[in-house]
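Notes follow once the structure below has been shown.
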Amino acid sequence: MAEQFVGKWKMTSSDNFDEYMKAVGAGFASRQMANLAKPSLSIAVHEQGFISMKAVTTFKTLEIKFQLDEEFDETTADDRKVRTTVSLVDGKLIQKQTWEGKTTIIEREIQDSKMIAVCVQAIYTILKQMFSLPTYSKKEKNEFDLLFDFIANWLFSAASIVQHAANLSLSLFLALSLSSEMYHG
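Start counting the sequence shown at -14; every next residue gets the next number (our numbering).
Below, the structure is given as structure tokens:
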């Protein structure tokens, strides 16, 4: 079932959220509020066979309860009235929302203990969000670590270029030496 999704997930990053909101028709004020929100998403599987997903921000709390593969009515955070079906396909939780002839698909999957949510409006991938369970053991890279990685990669690339240039110079020298010997020989 969907047990791998169970937990309270906190959004850690979001790419192109404003573009996604524009694509689904959200107004300026709704987009501004949504861009400020950093939601947590709680997912639970209940004994009765249904799944609940509860999104909490400082502005709004939304909860949906559903059975897999059964269509239901949903009101989205930007107040769209949609018909929604959630399915489990190849380990991914696929949420399909339809309204006014439009379709949005939210695809959630677990990668390296993070839940990745990709939202697709029509045929364009517009939004990708990453959520993770709270962890305290993993070290975050700071600016020094990133600078060190950049310098190390740059030095490795520079050394490779110098080595390649040395090999070309040696090849050219040998080729010129051989042609010179053949000419004088």
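Glycine included, every Cβ here is placed at the ideal spot set by N, Cα and C.
For residue i, name the three-state secondary structure that DSSP assigns.
i: Lys7; result: helix
i: Gln(-11); result: helix
i: Leu73; result: strand
i: Thr110; result: Only weak support exists for where Thr110 lies, its pLDDT of 48 falling under 50; the coordinates are left without a value.
i: Leu47; result: strand
i: Ala40; result: strand
i: His149; result: Its pLDDT being 49, under 50, His149 is placed unreliably in this model, and the coordinates cannot settle the point.
What do you reckon, are the CB atoms on residue i and residue j nearer than 7 Å?
i: Leu26; j: Leu53; result: no
i: Val67; j: Ile90; result: no
i: Ile95; j: Gln(-11); result: yes
i: Glu56; j: Ile49; result: no
i: Lys77; j: Thr70; result: no
Give every residue of the same chain whose Cβ lies closer than 8 Å to the Cβ of residue i, excluding the five residues on either side of it in the sequence, and list them in chain order.
i: Trp84; result: Arg65, Lys66, Val67, Arg68
i: Trp(-6); result: Ser25, Leu26, Ser27, Ile28, Met100, Phe116, Ser117, Leu118
Identify every residue that forms a DSSP beta bridge with residue i.
i: Lys99; result: Gln96, Ser117
i: Glu59; result: Val67
i: Gln82; result: Thr69, Thr89
i: Ser25; result: Lys(-5), Val41
Please go through the same chain and pick out, in chain order, the residues whose beta-carbon is closer than 7 Å to the beta-carbon of residue i, but skip the five residues on each side of it.
i: Phe44; result: Met18, Ala22
i: Glu32; result: none
i: Gly34; result: Gln52
i: Val30; result: Met(-14), Ala(-13), Glu(-12), Val(-9), Ile36
Please work out which residues of its chain come closer than 6 Å, Cβ to Cβ, to residue i, disregarding the five sequence neighbours upstream and downstream, and give them in chain order.
i: Ile28; result: Phe(-10), Val(-9), Met38
i: Thr42; result: Ala22, Pro24
i: Ile79; result: Ser72, Glu92
i: Asp11; result: With the sequence shown as reference, residue 11 is identified as Ala, and Asp is not the correct amino acid for it. Asp63.
i: Ser15; result: Asp63
i: Ala40; result: Pro24, Leu26, Leu47
i: Lys87; result: none
Worksheet item: Are at least three pairs of beta-carbons, each pair with one atom in the region 15 to 24 and one in the region -11 to 5, less than 8 Å apart?
Response: yes
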